[in-house]
Every structure is written in C-alpha cells, then in structure tokens.
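Written below as structure tokens is the structure these notes are about.
Protein chains: 2
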Amino acid sequence: MEKYPLPLFNGMRNIKLTIEYDGRRYAGWQVQGKGAKTIQGALEKALYEILHKKLKVIGSGRTDAGVHAKGQVANFKTDSLIAPDRLRMALNAVLPADISILRAEEVSPDFHSRFSAKSKVYRYTILNRPSRPAILRGMVYFYPYSLDLALMRREARCLLGRHDFRSFQATDKKERGSVRKVKKVAILRDKELIHIGIEANGFLYNMIRNIAGTLIEIGRGKFPEGSIKRILGLKNRRFAGPNLPAKGLCLLKVNY
Amino acid sequence: MEKYPLPLFNGMRNIKLTIEYDGRRYAGWQVQGKGAKTIQGALEKALYEILHKKLKVIGSGRTDAGVHAKGQVANFKTDSLIAPDRLRMALNAVLPADISILRAEEVSPDFHSRFSAKSKVYRYTILNRPSRPAILRGMVYFYPYSLDLALMRREARCLLGRHDFRSFQATDKKERGSVRKVKKVAILRDKELIHIGIEANGFLYNMIRNIAGTLIEIGRGKFPEGSIKRILGLKNRRFAGPNLPAKGLCLLKVNY
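Top to bottom, those sequences are chains A and B.
Going by the numbering used here, the letters in the first sequence line up with residues 1009 to 1264, in that order.
Going by the numbering used here, the letters in the second sequence line up with residues 1009 to 1264, in that order.
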C-alpha cells in the first residue's frame, strides 16, 4: 500500500512517474521551440488540466524524435494532495492515446529523475526477415539480410566497462565528457526480431544507434572481427557504422 | 530454391500469398461496397499496378474490420511468368505500409486458399495491467483487473473437440452449420500480455471474440466454473459473455 501522504517538504510533494510512449508522433522528450509536439509538453499540459498549475516535469533524460519508451521516468513537485494512483488514472484519461502513465508514486524530496539515475537500459530492435514490417512498422528497424549473431555478441562484449565512447557520439554534439560505463550488453533473437540491449550509467547523443549500426556492419561481414575495440580506440565518429533510425530504439528502464 | 515455373494449367499459374497486416485502417478483408478500404481491395489494386490485369484474390476467409493477421493466406491465378519472390518484392513496394507480403509461391492449380484450408489459428491478446496501452494500442484489448488464468485454462479445455458453437456465434449471422472442431486451445501469459490461442477447422462469425469475452467473465469470477460446457449446451448466444473488440484478434496461421 502507498504511504500517503508523506510529510511535506516546503509544502511540496515530489511525484515520480513511470511512462510508456510511442514516439512516432513526437519531436522527442524535451520541450523545444513553439509548435513541436513533445512528450514533456504533453505531460505538462495534462498536469495543467488536472492540477490547474503550470508544473515543470523533469525527465531522466531526453529521448529523440521517434524514440519510444516503456519505462521513461520523470518527476515533478506539487502541493496537491491527490493520491498518486488517482493522479495516474486522471493523467491516462487526458493524455493522448500514445502516452500512458504506468506508475505514479510519491518519493522523497531529494529524488531527481536525472541526477538520481544510476543507469539506463535501452533496447534497439531489428526486424530481420525478407519482408518489411506491417504490424511493427515504426517500432523496429527493418534489415532483410542475414547477420552473424555469434560474432555480433563477441564484439558487443568489447563495449563492457568504462570507455571513451567518442567514436559513437553524434558528430554535431560535443558533450563535456565522453567516458561512459557500459554495465550489460545482450543480443537476443526472438524469432524474426533481434534485440540489442545495453545498460550504461549514461549514453552520449546517438550512442546506441551508432553502436547498433556498427554491430550490423560487423554481423553482415562489412567490418572485421575486432572492429568495436579498434573503433573505440580511434575516438573518431567517422570510423563507426551508420546511425540507425530512431524508430528501433526504446528506453526500457531507468535504475535508481 | 523455387521450382519455377511449374507447367501451366490452362495457361494460368496459381500463386499463393502469405500476408501480414495491421487491420486498424481497414473495413476487413473482403471487398465490399464502394468506398470501404479492404485488404483484398488493396491487394487487387497492387496486383493491377504490377501485372496490369484485374485479378481476383481469394482469401482463406474474411477477417473483420480492425482484425490483424500475421499469416493470412490468399491465392490468385495469373498468366504472368514473374518469379514469385520478385512478385513479393514488387507488391511490398506498392502496397500500403500496413500490409506486407511475407511469402509468395507458386502452388498446384487445385490449391484454393479457402477450400484447401485444414485449420486456422487465431490469437486473442489481452493487455492485463493497471494502465492502458500506449505502444500496443489498437493491437490488444486492455483489461485492468486480475484474472484467474488457471481456471480459464481448465474452462478453455472444454472447447476442445467437435461441438455446436451456436452460443458463440454473432446473433445476426446464421451460417448453415454451426458445428466446428477445435483442435488446440492455449492460454499463455507473457508478462503483461495474455494470449488466447485457438486452432479449429473453421470459425463462426465472432466466435473467438465471444469465447474470449466468456473466458474473461470466468476469469474475473462473474461466471462460475463449468460455464463453457453449460453455455455450449444451451446453444444460445445470449448466455455467453460479451463480444470483445476486434483489435485484440490476429489470424496467425492457416494450415493446409
């Protein structure tokens, strides 16, 4: 059962949301200039409808245009005393059909979706069969040629641990540091689907899509064995494989 | 490898297609009056673009508006000598994104998608969690309350074998016979999804959606144990559970 309400801190409660969304219609998570539809914008609009206050929703991190989530996390502060599970239901009643709140819970005042995150799990999904998708279109990257999964798995293991991932960073982005720690990596086949799952303490812009593109080049025999290690060492984006489309990417979970 | 071409029969070749579709935008499989978008209509239009002839495509059976397929089967006759796999690629290049041809193959002249079918496998999928779907919306039926799967499985076993399924037939349809043979039934949980799979030699109109609705009433405790047997015996639609929405239903396979 929910412990509700927690003692207020400065009169404010801190609410954590776990969110599923189909990113197809959105310009990504983060509120941008005028006009662009974003997940954060849709959430803030829905909260305004319910709580009648302009609240700022903090996400665990941005997801790009077209990227999906099954476990994005966000939090916001409110003085409303609404029970979290009632808020979940109210949000699901007013949010667009492609965004759903899976959980709402009150958390301690110092919880911060982004700064408190210990790791994130993303999954890149490839539809690997001769014919393009009908049912999963927009949710997977279609790749019709055969791939050497055993080789891809061996190569993916070279991503494990603390590395400078500059080679897998979008060329137009310069983040202050490009060292990240990859905690887990798994490549699974589920019939016609290939899932590349990666858990890390953080990700550079386009990092997973660049890694997935590189692993495909390896799996089809265009890049030789040893490429991941070599490309990591080169610290230069132009040696990595192509950046795969956003639609195959899904934020599965944020760990705290 | 394909044996191609087979000797012509009356100068015509018989082509079998295996088709995946997302049924959301369609008024079902079968060509109807003017205006309604159908899968059959989309296929015939695509074949006309490729082969420049008005061909009639025969499906294994109708699927209703909103019903999906991962393995619908259809066939048509043509005097074109195009290799079946080239035809598959050409069709996928001109068909709408929510229809995909998984296989095209030449079959013997007496193959008929409907009359040659030995059995069909349908699956009804329920999203069983507190929050509505975002990613799978339109592909599942959302049911937030807990269900007794063990009881549902015991009851579902009563469907096995040859029965008069009149109690599970749409009230406004009167087919000549209502006896069908259910060969397999399985209820599987995959995390938040519950799949009800049924294989039978044929299905009455709305039969699976009525059976799924009845199983849910049993699983939530509204109908007592023994209900499936009792309802089958009553041979009257009004004793069965509700007809669930089309979106949870998918034609998985047609066996020949």
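We put the beta carbon where it would ideally sit given N, CA and C, even for glycine.
*Would you call the CB atoms of B/K1126 and B/C1258 closer than 7 Å?*
The count along the second sequence starts at 1 and reaches residue 1126 of chain B at position 118. The count along the second sequence starts at 1 and reaches residue 1258 of chain B at position 250. Going by C-beta atoms, B/K1126 is not nearer than 7 Å to B/C1258.
*Quick one: which chain A residues come within Cβ less than 9 Å of B/P1092?*
What you label residue 1092 of chain B is simply residue 84 of the second sequence in a count that begins at 1. None at all; the shortest Cβ gap to chain A is about 12 Å.
*Along the chain, where does the beta strand (DSSP E) that runs through B/S1127 open and close?*
The count along the second sequence starts at 1 and reaches residue 1127 of chain B at position 119. Element bounds for B/S1127: S1127 to L1135.
*Taking all protein chains shown into account, decide if A/E1010 is buried (16 or more other Cβ within 10 angstroms of its Cβ) or exposed.*
Locating residue 1010 of chain A in the first sequence gives position 2, counting from the first residue. Low confidence applies here, because A/E1010 scores a pLDDT of 47, under 50, leaving its location unreliable; read the following figure in that light. When all chains shown are included, A/E1010 counts as exposed.
*Can you tell me which of A/M1160, A/L1159, A/L1135 and A/A1158 puts its alpha carbon nearest to the alpha carbon of A/Y1149?*
Along the first sequence, read from residue 1 onward, the residue named residue 1149 of chain A stands at position 141. For the residues A/M1160, A/L1159, A/L1135 and A/A1158, the minimum Cα distance to A/Y1149 belongs to A/L1135.
*Round the Cβ separation of A/L1142 and B/Y1034 to the nearest angstrom and send it over; I've been treating them as touching at under 8 Å.*
Taking the first residue of the first sequence as position 1, residue 1142 of chain A is located at position 134. Taking the first residue of the second sequence as position 1, residue 1034 of chain B is located at position 26. Going by the sequence as given, residue 1142 of chain A is Ala instead of Leu. That pair is no contact at about 11 Å.
*With DSSP as the reference, label B/A1082 as helix, strand or coil.*
Taking the second sequence and counting its residues from 1, one reaches residue 1082 of chain B at position 74. Of the three classes helix, strand and coil, the one that applies to B/A1082 here is strand, per DSSP.
*Do the CB positions of A/N1022 and A/V1115 come within less than 7 Å of each other?*
Within the first sequence, the letter at position 14 stands for residue 1022 of chain A. Within the first sequence, the letter at position 107 stands for residue 1115 of chain A. A contact, by the Cβ cut-off of 7 Å.
*Please list the partners that B/N1083 has in chain A, where partner means a Cβ-to-Cβ separation under 9 Å.*
Mapped onto the second sequence, residue 1083 of chain B falls at position 75. In chain order: nothing, as chain A lies at least about 18 Å away.
*Would the stretch 1243-1251 of chain B and the stretch 1211-1225 of chain B be scored as touching if the rule is three or more Cβ pairs under 8 Å?*
yes
_Three-way DSSP call (helix, strand, coil) for B/K1261 in this model_ = Position 253 of the second sequence, counted from the start, is the residue given in the question as residue 1261 of chain B. B/K1261 falls in the strand class under three-state DSSP.
_Taking 7 Å as the threshold (beta carbon to beta carbon), is B/N988 in contact with chain A?_
Absent from the model: residue 988 of chain B. The displayed extent of chain B is 1009 to 1264, so no value can be given.
*Note down, in chain order, every chain A residue with its Cβ under 8 Å from the Cβ of B/K1078.*
Walking along the second sequence from the start, residue 1078 of chain B turns up at place 70. The contacting residues are I1143.
*May I ask which residues mark the beginning and end of the alpha helix (DSSP H) holding B/S1235?*
As a position in the second sequence, residue 1235 of chain B is number 227, starting the count at 1. Its alpha helix (DSSP H) spans residues S1235 to L1242.
*Thinking C-beta only, is A/R1238 closer than 7 Å to A/G1146?*
For this step, residue 1146 of chain A is matched to residue 138 along the first sequence. For this step, residue 1238 of chain A is matched to residue 230 along the first sequence. In this structure, A/R1238 does not lie closer than 7 Å to A/G1146 by Cβ.
*Determine the chain B residues that contact A/L1110 at a beta-carbon separation under 7 Å, and present them in chain order.*
Residue mapping note: residue 1110 of chain A aligns to position 102 of the first sequence, counting from 1. What A/L1110 touches in chain B: S1139.
*For A/R1096 versus A/I1107, is the C-beta distance shorter than 7 Å?*
As a first step, residue 1096 of chain A is located in the first sequence; it is residue number 88 there, counting from the start. As a first step, residue 1107 of chain A is located in the first sequence; it is residue number 99 there, counting from the start. Their beta carbons are not under 7 Å apart, which means A/R1096 does not touch A/I1107 by this criterion.
*I think B/L1025 touches B/V1081, with their Cβ atoms under 8 Å apart; what is that distance to the nearest whole Å?*
Start at 1 with the first residue of the second sequence, and residue 1025 of chain B comes out as number 17. Start at 1 with the first residue of the second sequence, and residue 1081 of chain B comes out as number 73. With 8 Å as the limit, B/L1025 and B/V1081 qualify as a contact, their Cβ atoms being about 7 Å apart.
*Is the shortest distance between the beta-carbon of B/D1106 and the beta-carbons of chain A less than 7 Å?*
Along the second sequence, one-based indexing puts residue 1106 of chain B at 98. Yes, B/D1106 counts as interfacial toward chain A.
_Environment of B/L1055 [buried if 16+ CB atoms lie within 10 Å]_ = Translated into positions along the second sequence, residue 1055 of chain B becomes position 47. So B/L1055 ends up on the buried side.
*Does the Cβ of B/K1199 have 16 or more other Cβ atoms within 10 Å, making it buried, or fewer, making it exposed?*
Sequence index remark: in the second sequence, residue 1199 of chain B carries index 191 (1-based). Its Cβ having fewer than 16 others within 10 Å, B/K1199 is exposed.
_Quick check: what's the CA-CA separation for A/G1241 versus A/I1027?_
For this step, residue 1241 of chain A is matched to residue 233 along the first sequence. For this step, residue 1027 of chain A is matched to residue 19 along the first sequence. Distance between the alpha carbons of A/G1241 and A/I1027: 36 Å.
*What residues in the stretch 1025-1042 of chain A bring their beta carbon closer than 7 Å to a beta carbon of chain B?*
E1028, Y1029 and D1030
*Could you check what DSSP says for B/K1064 in three-state terms: helix, strand or coil?*
Within the second sequence, the letter at position 56 stands for residue 1064 of chain B. Coil.
*Starting from B/T1026, follow the beta strand (DSSP E) in both directions and report where the run begins and ends.*
Translated into the one-based positions of the second sequence, residue 1026 of chain B becomes position 18. First-last of the beta strand (DSSP E) with B/T1026: R1021 to Y1029.
*With 16 as the cutoff for other CB atoms within 10 Å, does B/K1061 come out buried or exposed?*
Along the second sequence, one-based indexing puts residue 1061 of chain B at 53. With fewer than 16 Cβ atoms within 10 Å of its Cβ, B/K1061 is classed as exposed.
*Please classify B/R1245: does DSSP put it in a helix, a strand, or coil?*
For the purposes of this step, residue 1245 of chain B is taken as the residue at position 237 of the second sequence. Helix.
_Minimum Cβ-Cβ distance from B/A1073 to chain A less than 7 Å_ = Position 65 of the second sequence, counting from 1, holds the residue named residue 1073 of chain B. It does not: the Cβ of B/A1073 has no partner Cβ on chain A nearer than 7 Å.
*Would you mind sorting B/E1207 into buried or exposed? The rule is 16 or more other CB atoms within 10 Å of its CB.*
Here residue 1207 of chain B corresponds to residue number 199 of the second sequence, with the count starting at 1. Looking at its Cβ environment, which holds 16 or more other Cβ atoms inside 10 Å, B/E1207 is buried.
*Ignore the nearest five residues each way along the sequence and tell me which others in B/L1051's own chain have a CB closer than 8 Å to its CB.*
For the purposes of this step, residue 1051 of chain B is taken as the residue at position 43 of the second sequence. Closer than 8 Å at Cβ, skipping near neighbours: L1025, I1027, V1065, A1082, L1099, L1103 and I1107.
_On a Cα-Cα basis, can you pick out the residue from A/A1044, A/G1256 and A/E1225 that is closest to A/Y1153?_
As a working mapping, residue 1153 of chain A is identified with position 145 in the first sequence. Among A/A1044, A/G1256 and A/E1225, the Cα nearest to that of A/Y1153 is on A/E1225.
_My output table needs one value for A/Y1149: the three-state DSSP class, helix, strand or coil._
Start at 1 with the first residue of the first sequence, and residue 1149 of chain A comes out as number 141. Note: A/Y1149 maps to strand in three-state DSSP.
*Report all residues from its chain with a CB closer than 6 Å to the CB of A/K1085; omit the five preceding and five following residues, and keep chain order.*
Locating residue 1085 of chain A in the first sequence gives position 77, counting from the first residue. So the qualifying residues of the chain are M1020 and N1022.
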